[in-house]
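**Q** Got a structure here, written out as structure tokens. Questions coming.
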Amino acid sequence: MASVPSLASTVQQRLAEGLSAALPEAGSADPLLRRSDRADFQANGILALAKRFKGNPRELATKVVESIPANDVLKEIEVSGPGFLNITVSDAAIVETLAARAADARLGVPLNEAAGTTVIDYAQPNVAKEMHVGHLRSAVIGAAMVEILEFTGETVVRRHHIGDWGTQFGMLIQYLIEHPHELDHEGDGAEVSGEEAMSNLNRLYKASRALFDSDEGFKTRARARVVDLQAGDEETLALWQRFVDESKIYFYSVFDKLDMDIRDPDVVGESGYNDMLQETCRLLEESGVAVRSEGALCVFFDDVKGPDGNPVPLIVQKSDGGFGYAATDLSAIRDRVQNLKATSLLYVVDARQSLHFKMVFETARRAGWLNDEVKAVQLAFGTVLGKDGKPFKTREGETVRLVDLLDEAIDRASAVVREKARDLTEAEIAERGAQVGIGAVKYADLSTSAARDYKFDLDQMVSLNGDTSVYLQYAYARIKSIFGKAGDRTALAHPELELAPAERALGLHLDQFGETVAEAAAEYAPHKLAAYLYQLASLYTTFYDQCPVIKPEPPKEVAENRLFLCDLTARTLHQGMALLGIRTPERL
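This is how it looks when you write it as structure tokens:
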């Protein structure tokens, strides 16, 4: 089905036609339409046009209004102040537009006509290391952007660039060779839990690190093992693969708790680009993009200097022949552009790595791998802070384990659900508790602009009041309960009815859903969708308080129209929350 034009786009078109008729020499001028508190919309573009054509703005505004033929969308246009237009649309136009949205499975959300292929790099844990609170934002923001972009028609390729290579593996592999049963599982053949896998890895990591620091012989053997790993020695690679596989059991258990879909083919770690590193360096050096400096292969930038005023280069290959992150990241860009045919590369990475990615992207541009047809963007995110506004740590000053954080959120949410639940079983309370708890964590992250730091406050996150996912989930469940009490009354749009103020406000906001999703996709800004949904739930609460749906029973047509508004609100909440990766239980 074709996308449903919003009221704003219809009003914009009528005004543009009026402008062309009143001032033909202006061409296709933009009336600069926006939502307004004084009316439904305000158009501010006439002032600039009058100035440009040396006319009186108020006279031009009056002429524009007179040039718009009578129609069933615009109820009233008032010329205000020096030449603003205050526009009120008809109640019938609101209901008819919403009815068209309701008839569309996509709720009128447009498909992006310029859609391409985006590779999203997100959720990047490290092999043989525990996931902590610092891994939360990349996973949550990245997963939301996957859903939002796919819904608007983009082809999305997920990439989890896990840390699965480097010198620490020499230490781990050598220790496993000398202690061959350290990664064995107790119940042979039984399914291994994420906790058991991580506990094995933690124990082995600590023991190998202690030996590395205290035993010179072991340190020498471990360093030789790194050389074997990088040379592709079969036995060494097989043991390295055991660490990767054990870590994946753990990663997947954490992502499962986060209610995130991570697939094996999407996990392409640093090791996935090993075969490309030499060629990446050769291409950069032969093209003159990178030069040798003190034995290392470097890329220099005019605007990147250290505290001493000397240039700080991007080091692609170290003087000892080893490769750094830059070589891997540049090889990944080559792969994603040339093999995956990406038109956009989106990196959901901590803001503290912004300089690194700025240098990597600029290097790729100079090499011709990025250009006007292919862009790379870092969706940089801030830090998760504790209630005290400082980086989030345990009382002992340790980094918080991500799984502990999620478990606590689920426990708190389950308590809230249990307190409110009237007829839910223990199994249902546990299921809803997980959906509410994980939703609370995701929403707190996504309702903040990614670039900003945010405070992790579970008391606030699972509150039924304020800007929380629980508030939105309860609004959805409340609407579902109304339909349980509606009897034989059905949801049906009635454009002939006059709307109450709360109905109009809710209807006008429902109509903005498509534009909001398109904006969130174009700007990589999931917080704009979260803000829209919170406003929707707030307007619905006002509507529910002021406009009886079931009791006291309104006239049949009024009840049907209000049920129609309830139904479209529920569908919009459900779809919007799904795009953020948050469940909407029908009963809470």
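FYI, UniProt numbering numbers position 322 of the sequence shown as 322, with every residue one higher than the one before it. Ideal placement from N, C-alpha and C gives every residue a C-beta, glycine not left out. Predicted model, so just to flag it, every value in this text is computed and none were measured.
Would you kindly check if the distance between the Cβ of leucine 176 and the Cβ of leucine 201 is under 8 angstroms?
**A** Result no, Cβ atoms of leucine 201 and leucine 176 do not sit closer than 8 angstroms.
**Q** Use the C-beta contact count for valine 140: other C-beta atoms within 10 angstroms, 16 or more gives buried, fewer gives exposed.
**A** Buried: at least 16 other Cβ atoms inside 10 Å.
**Q** Would you list the residues sitting across from glycine 163 in a DSSP beta bridge?
**A** Answer by DSSP bridge pairing, in chain order: Asn126.
**Q** What is the residue span of the alpha helix (DSSP H) that alanine 139 lies within?
**A** From DSSP, the alpha helix (DSSP H) with alanine 139 extends over 136-151.
**Q** Let me know the alpha helix (DSSP H) ranges lying completely inside the UniProt domain "DALR anticodon binding" (472-588), each 4 residues or longer, listed in chain order.
**A** The qualifying runs are 501-510, 513-522, 526-546, 556-579.
**Q** Excluding five sequence neighbours on each side, which residues of the same chain lie with their C-beta closer than 7 angstroms to the C-beta of arginine 336?
**A** Cβ within range, chain order: Val119, Ala342, Leu345.
**Q** Is there contact between the stretch 527-542 and the stretch 62-69, where contact requires at least three CB pairs shorter than 8 angstroms?
**A** As far as the Cβ criterion goes, the stretch 527-542 does not touch the stretch 62-69, which means the pair count is below three.
**Q** Whole beta strand (DSSP E) runs in the stretch 86-114 with 3 or more residues, listed along the chain?
**A** Segments of the beta strand (DSSP E) lying fully in the stretch 86-114: there are none.
**Q** Do glutamine 124 and histidine 160 have their CB atoms nearer than 8 angstroms?
**A** For glutamine 124 and histidine 160, yes; Cβs fall inside 8 angstroms.
**Q** Which value, in whole angstroms, describes the spacing of the CA atoms of alanine 128 and glycine 108?
**A** Approximately 46 angstroms between the Cα atoms of the pair.
**Q** Does the distance from the CB of leucine 588 to the CB of arginine 395 come in under 8 angstroms?
**A** No, they are not a contact pair.
**Q** Suppose you measure from the CA of valine 517 to the CA of serine 3; what does that come to, to the nearest Å?
**A** Their Cα atoms are separated by approximately 13 angstroms.
**Q** Select from Ala92, Ala99, Gly153 the residue whose C-alpha is nearest the C-alpha of glycine 116.
**A** Ranking the options by Cα distance to glycine 116, first place goes to Gly153.
**Q** May I ask which residues mark the beginning and end of the alpha helix (DSSP H) holding threonine 328?
**A** Residues 325-334.
**Q** Using a threshold of 8 angstroms, state whether the C-beta atoms of aspartate 440 and tyrosine 454 are closer than that.
**A** Before going further, note that residue 440 is alanine rather than aspartate in the sequence given. No.
**Q** Curious, which full-length beta strand (DSSP E) runs of at least 3 residues does the UniProt domain "Arginyl tRNA synthetase N-terminal" (9-89) contain?
**A** With a minimum length of 3 residues, the continuous beta strand (DSSP E) runs that stay inside the UniProt domain "Arginyl tRNA synthetase N-terminal" (9-89) are 33-35, 41-43, 74-80, 84-89.
**Q** Helix, strand or coil for isoleucine 262 per DSSP?
**A** Three-state DSSP puts isoleucine 262 in coil, outside helix and strand.
**Q** Closest by CA to valine 291, which one among Ser449, Lys318, Val268?
**A** Ranking the options by Cα distance to valine 291, first place goes to Lys318.
**Q** By Cβ distance, which residues of its chain are closer than 8 angstroms to methionine 1, with the 5 residues on each side in sequence left out?
**A** Because the pLDDT at methionine 1 is just 49, under 50, the model does not fix this residue reliably, and the value given afterwards should be weighed accordingly. Taken in chain order, the residues that qualify are Ala103, Asp104, Ala105, Arg106.
**Q** In the structure shown, what three-state DSSP assignment does leucine 7 receive?
**A** Leucine 7 falls in the helix class under three-state DSSP.
**Q** Measure the alpha-carbon distance for leucine 464 versus arginine 412 and round it to whole angstroms.
**A** Going from the Cα of leucine 464 to the Cα of arginine 412 covers about 12 angstroms.
**Q** Of the choices Phe243, Ala559, Ile582, Tyr122, whose alpha-carbon is the least far from that of arginine 158?
**A** Nearest option by C-alpha distance: Tyr122.
**Q** Put aspartate 445 into one of helix, strand or coil per three-state DSSP.
**A** Three-state result, aspartate 445: helix.
**Q** Using the rule of at least 16 other Cβ atoms within 10 Å of the residue's Cβ for burial, across every protein chain shown, is aspartate 184 buried or exposed?
**A** So aspartate 184 ends up on the exposed side.
**Q** Would the stretch 133-148 count as touching the stretch 520-527 if we require 3 or more Cβ pairs under 8 angstroms?
**A** Output reads yes: the stretch 520-527 touches the stretch 133-148.
**Q** Check whether the Cβ atoms of valine 312 and valine 299 sit closer than 8 angstroms, and answer yes or no.
**A** Cβ distance not < 8 angstroms, so valine 312 and valine 299 don't count as in contact.
**Q** Along the alpha helix (DSSP H) that carries glutamine 278, what are the first and last residues, could you check?
**A** Segment 277-286, the alpha helix (DSSP H) holding glutamine 278.
**Q** Which residue marks the beginning of the alpha helix (DSSP H) containing aspartate 213, and which one marks its end?
**A** Here the alpha helix (DSSP H) through aspartate 213 covers 194-214.
**Q** Tell me the residue span of the alpha helix (DSSP H) that contains arginine 292.
**A** No alpha helix (DSSP H) contains arginine 292, which is instead part of the beta strand (DSSP E) from 291-293.
**Q** Once you ignore the five residues that flank threonine 542 on each side, which residues in its own chain have a CB closer than 6 angstroms to its CB?
**A** For threonine 542, where only same-chain residues beyond five positions count, the Cβ hits under 6 angstroms are Ala502.
**Q** Does the stretch 238-251 touch the stretch 385-395, meaning 3 or more C-beta pairs lie closer than 8 angstroms?
**A** Counting Cβ pairs under 8 angstroms, fewer than three are found: no touch.
**Q** So alanine 376 and alanine 364 are supposed to be a Cβ contact under 8 angstroms. How far apart are they, rounded?
**A** That pair is a contact at about 7 angstroms.
**Q** Find out if the Cβ-Cβ distance for the pair glutamine 42, arginine 34 is shorter than 8 angstroms.
**A** Taking 8 angstroms as the Cβ cut-off, glutamine 42 and arginine 34 qualify as a contacting pair.
**Q** Excluding the 5 residues flanking arginine 489 on each side, which residues of the same chain have their C-beta closer than 7 angstroms to its C-beta?
**A** So the list reads Ala559, Glu560, Leu563, once near-sequence residues are dropped.
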